[in-house]
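In this note's numbering, the protein residues as written are -5 to 433.
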């Protein structure tokens, strides 16, 4: 069975899906080239690509797949580990969302169930459900509301309360599509867009829609650019002219913002709690020909040797703004996580603000769409910290995108926002940023 073409890829996909949705393990960790799922690491490159595609479809459409199973089953599957459901989801995702023939998806799913001790009692059920889906596809899928089904209720409620129902549903709709590849370039965005067949978006990022190996693109080896979502590149731009100034990038990994600060001429100190993630920061800086002092430490314990002119605090958060790129987030995060992380953010913000020179600037940001991790944090900080003031963000600082600047002067990007003034390009990671000056 293991030698059957495509079998191992489907088995690995089901294994990883189970680890993500039942054990709440991050998908990136499961797919890591060095420390990820052992079966995935052993696959050929084309099979790894297939696994990624299957998992992306399974996670983006998880709510729809669960609803379809309810429609196709007379009663719930009694198997408690979720293994049978994982096998079914892997097959259904191929049948509905990937260009894979039904017969191949069904056959390999039945083969998988036949050799799995937890699933073997249900191999007939697997076969029957999938064949019925193939026969009745149009009838059972015609009225699915993907935007609602594929978004956990607590998230949809949170976005509806913050932005209104129409925007909340537009956010959910944007999550059904994989994000494009955005690059931050050292200079000449228009020139690099032309060279790479892309378009300039946001505040000067280059967006590519083609697939392929990033390290094979022109300019990668020469260190002319790095991968970074257009929204993620905006907070660092809010610090203004950094030439010769002392700047800190706090919670720095994976290092895109560190590179921005260094490229802008700052003397950068990059701090992150994870030694392993900082290794990637150091490698990226070396490729880009940029320099920064890189320190592994917990910000709750570390102290700088002298105050900074500028601080960028990309605080740990629920990452609900990155669902287009990380479709596992809705299924591994809970409302509880937002509460816990917001407490951490509050502590860090108050601590690091004291490291600013008088007149210095701090940009607080999170890749979250939850107000508790953004607007509410800053409102609370400014209320109980009288030595600081908000410096409003202006549309011209972020590519003229008026929709991403709130009436209060915060930066608030959403996945449904336009990424260009003409609105032709849409889609940004969900980001919040506020600029604060020490008086």
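Heads up, the beta-carbon is just placed ideally off N, CA and C, and yes, glycines get one too.
With contacts defined as CB atoms closer than 9 Å, residue 233 and residue 265 fail to qualify as a contacting pair. When C-alpha distances from residue 423 are compared across 219, 12, 284 and 196, the shortest belongs to 196.
Partner residues in the beta bridge of residue 426, as assigned by DSSP, are 360 and 406.
In the three-state scheme derived from DSSP, where H, G and I count as helix and E and B as strand, residue 32 is classed as helix.
In this structure residue 320 is in contact with residue 21, their Cβ atoms being roughly 7 Å apart against a cut-off of 8 Å. Linking residue 16 to residue 365 through their CA atoms gives a straight-line distance of about 27 Å.
Judged by pairs of C-beta atoms under 8 Å, the stretch 246 to 262 touches the stretch 279 to 287, as three or more such pairs exist. The criterion of a C-beta distance shorter than 9 Å is not satisfied by residue 182 and residue 316. The residues 45, 48, 49 and 84, in chain order, have a CB closer than 7 Å to that of residue 7 in the same chain once the five nearest residues on each side in sequence are set aside. For residue 261, the CB contacts under 6 Å within the same chain, skipping 5 residues up- and downstream, are 240 in chain order.
Around the C-beta of residue 58, 16 or more other C-beta atoms lie within 10 Å, and the residue is accordingly described as buried.
Below 8 Å, too few C-beta pairs join the stretch 333 to 350 and the stretch 274 to 284 to call them touching: fewer than three. Runs of the beta strand (DSSP E) lying entirely within the stretch 339 to 402, each at least 3 residues long, are 350 to 360 and 382 to 384 in chain order.
Exposure of residue 109 is indicated by the presence of fewer than 16 other C-beta atoms within 10 angstroms of its C-beta.
Annotated as distal: residue 82 and residue 149, with beta-carbon spacing of 9 Å or more.
Where residue 274 is concerned, the enclosing alpha helix (DSSP H) starts and stops at 269 to 282.
Excluding its 5 nearest sequence neighbours in each direction, residue 18 has C-beta neighbours in its own chain below 6 Å: 326, listed in chain order. Burial check for residue 180: the Cβ neighbour count within 10 Å reaches 16 or more, so the residue is buried. Spatial neighbours of residue 89 in its own chain (CB-CB distance under 6 Å, excluding positions within 5 residues in sequence) are listed in chain order as 96 and 99.
The DSSP-derived three-state label of residue 226 is coil. In this structure, the CA atom of residue 229 is about 17 Å from the CA atom of residue 421.
When C-alpha distances from residue 330 are compared across 302, 352, 350 and 367, the shortest belongs to 367. Listed in chain order, the non-local C-beta contacts of residue 235 below 6 Å within the same chain number zero, local neighbours out to five positions each way being set aside. Assignment of residue 145 by DSSP, reduced to helix, strand and coil, places it in the coil class.
In the displayed model, residue 237 falls within coil according to three-state DSSP, outside both helix and strand.
Shown here, residue 161 sits in a helix according to DSSP, grouped into three states. A distance below 8 Å between beta-carbons, with the five flanking residues on each side excluded, links residue 61 to the following residues of its chain, in chain order: 138 and 143. The stretch 163 to 176 makes contact with the stretch 405 to 415; the number of CB pairs closer than 8 Å reaches 3 or more. Rounded to whole angstroms, the separation of the alpha carbons of residue 322 and residue 53 is 6 Å. The shortest CA-to-CA distance from residue -3 to any of 72, 92 and 106 is the one to 106. For residue 66, the closest C-alpha among the options 135, 376, 204 and 307 is that of 135.
The continuous beta strand (DSSP E) containing residue 195 extends over residues 193 to 195. Around the Cβ of residue 312, a 10 Å sphere holds 16 or more other Cβ atoms; the residue is buried. DSSP places residue 214 outside both helix and strand once states are collapsed to three, so it counts as coil. The straight-line gap separating the alpha-carbon atoms of residue 30 and residue 117 is approximately 29 Å.
Counting other Cβ atoms within 10 Å of its Cβ, residue 433 stays below 16 and is therefore classed as exposed.
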